[in-house]
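Chemist:
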Amino acid sequence: MLIRRPDDILPSEITPQRVWQSRRAFFAQAAALTGAAALPGMASAQTAGQPKLATVKSSYTTMEKLTSYKDAATYNNFYEFGTDKADPAQYAGKMRTRPWTVLIDGAVKKPVTLGIEDILKLAPIEERIYRLRCVEGWSMVIPWAGFSLSTLLKRVEPTGNAKFVEFITDMQKDTMPGLRQSVIDWPYNEGLRMDEAMHPLTLLTLGAYGETLLNQMGAPVRIVVPWKYGFKSGKSIVRIRLTEQMPRTSWMKSAPQEYGFYSNVNPDVDHPRWSQATERRIGEDGGSIFLQRKRKTLMFNGYGDQVAQLYAGMDLRKNF
Ligand SMILES: Nc1nc2c(c(=O)[nH]1)N[C@H]1C(S)=C(S)[C@@H](COP(=O)(O)O)O[C@H]1N2
Ligand SMILES: [Mo]
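Going by the UniProt record's numbering, the letters in the sequence shown line up with residues 1 to 320, in that order.
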């Protein structure tokens, strides 16, 4: 599925193993010089002292310049804590992330409730640098840590009826001030078609920047689907439900004309209120988002070689 000839690989795409290794070597060297931790984010980022997460390398990674840890940790969408970009960093600290369980049920032979400690031990945790493109027109490059969601889904043995996967975020009335505003229908829920959920790029995410996730980034476990707009990547997940019917997601309910189920990053299909042809990379030129140069948005956020075949024969204007 991800096998390509090396000359097909654009610099902005999946990094070949060799390049990855020299990148690691570079950071290890830089760390030796400065005495800092050998994290890929170290060049641009200070970390916050979350518990460290031991990771193994992954070939599912880009080699673009990382967004700084500070930007990734303070410019967030997590409406449970308010709609301002600064709200999650300010208010998410009170969210309880232990004990934490994830119920996996629905069209599966072996429904299960897993504690977060068990999930952390399920498979080697890979570091994967992914672009994340928000539907609002900005993007980041983040070194996530986790493993393919498919590893977890295979364990519960999906039945033949499993056509979709729904992700449901926790609702903590006492710690999430945003729940008092009815901007969307809580709990936040998102969904994928089964083949999208089983695609190796779909990441069950447990960390970022070499550490466990900050609350505002979706601790203790979230989804990251790099070829779709950021809102498909639900945070702080407590339930994964396999279904026969396409789930109605929070965003589809709140604005069906604007947010479709697929929501693949697509520069040719504009949002009804703005173009999707370009994006600004957070922090790229220093200062506010409005100072960043515009970059061309790539089809499927640059992951087309990996995922385009999932949509063969589909009209992506209709299935937006
Ligand atoms: N539960 C929940 N998950 C969410 C959101 C949200 O408001 N609530 N916002 C989404 C949006 S719009 C984006 S762009 C990404 C942002 O992730 P980040 O803050 O880690 O960059 O999270 C997504 N996941
Ligand atoms: Mo977003």
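Every residue, glycine too, gets a C-beta built ideally from N, C-alpha and C.
#1: Are G283 and D71 closer than 8 Å when you measure CB to CB?
#2: Using the rule of at least 16 other Cβ atoms within 10 Å of the residue's Cβ for burial, across every protein chain shown, is G313 buried or exposed?
#3: Give the single residue among M140, L122, T175 and D185 whose Cα lies nearest to the Cα of L149.
#4: Tell me whether N77, by its Cβ, gets closer than 7 Å to a heavy atom of ligand 2.
#5: Out of curiosity, what's the CA-to-CA distance linking T15 and D174?
#6: So what does N189 bridge to, in DSSP terms?
#7: State yes or no: is the C-beta of A72 nearer than 7 Å to some heavy atom of ligand 1?
#8: Out of L153, M217 and V221, which has the shortest C-alpha to C-alpha gap to M194?
#9: Could you say if the segment 175-193 and the segment 108-118 meet the contact criterion of at least three C-beta pairs nearer than 8 Å?
#10: Are E166 and T55 closer than 8 Å when you measure CB to CB?
#11: Do E157 and T47 have their C-beta atoms closer together than 8 Å?
#12: Nearest-angstrom Cα distance between I223 and T169?
#13: Please indicate yes or no: does the CB of Y188 lie closer than 7 Å to some heavy atom of ligand 1?
Modeler: Reading off the structure:
#1: It is a contact, given that the beta carbons lie within the stated cut-off.
#2: exposed
#3: L122
#4: yes
#5: Low confidence applies to T15: its pLDDT is 38, below 50, so where it sits in the model is not reliable, and the reading given next is rough at best. C-alpha separation (whole angstroms): 43 Å.
#6: Answer is I168, bridged to N189.
#7: At least one heavy atom of ligand 1 is found less than 7 Å from the C-beta of A72.
#8: L153
#9: no
#10: no
#11: no
#12: 10 Å
#13: Yes, the beta carbon of Y188 sits closer than 7 Å to at least one heavy atom of ligand 1.
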